[in-house]
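Peer 1:
In my numbering, the protein residues as written are 1 to 98.
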């Protein structure tokens, strides 16, 4: 696993309920990819192959628009190590969620 990516999807929406519905569709897509992921209050983090994760990041924007958002912004954080493994979600946060 050479990459970890945090995605905060910010779709334009008429109200909070609509915003949550659209973000939930993006999260459902991330879950469906089969990659290890962690949903936090502001972003979802996924781990895996860098190129495949970049495709997922791109698709997240399409998912939000197909779900009804007229536009979507996203904040993306990437940890990438071409040779070797990046720190895992578990190593970073498990001690805080016991």
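Glycine included, each C-beta is placed from N, C-alpha and C at the ideal position. Only a predicted model underlies this, so the values are computations on that prediction, with no experimental measurement involved.
#1: May I ask which residues mark the beginning and end of the alpha helix (DSSP H) holding residue 8?
#2: Suppose you measure from the CA of residue 49 to the CA of residue 94; what does that come to, to the nearest Å?
#3: Between the stretch 81-89 and the stretch 8-24, are three or more C-beta pairs nearer than 8 Å?
#4: Considering only C-alpha positions, which residue in the set 98, 28, 92 and 75 is nearest to residue 6?
#5: How do the stretch 27-40 and the stretch 53-69 stand: do at least 3 beta-carbon pairs fall below 8 Å, yes or no?
#6: Look at the alpha carbon of residue 56 and the alpha carbon of residue 73, and state the distance between them as a whole number of angstroms.
#7: Which residue marks the beginning of the beta strand (DSSP E) containing residue 77, and which one marks its end?
#8: Can you have a look at residue 20 and say buried or exposed, based on whether 16 or more other CB atoms are within 10 angstroms of its CB?
#9: Hey, quick one: how far does the alpha helix (DSSP H) through residue 50 stretch, first residue to last?
#10: What is the rounded straight-line gap between the Cα of residue 4 and the Cα of residue 26?
Peer 2: Once the coordinates are examined:
#1: Not the alpha helix (DSSP H): residue 8 falls in the beta strand (DSSP E), residues 3-11.
#2: 22 Å
#3: no
#4: 75
#5: yes
#6: 15 Å
#7: 72-80
#8: exposed
#9: 50-66
#10: 17 Å
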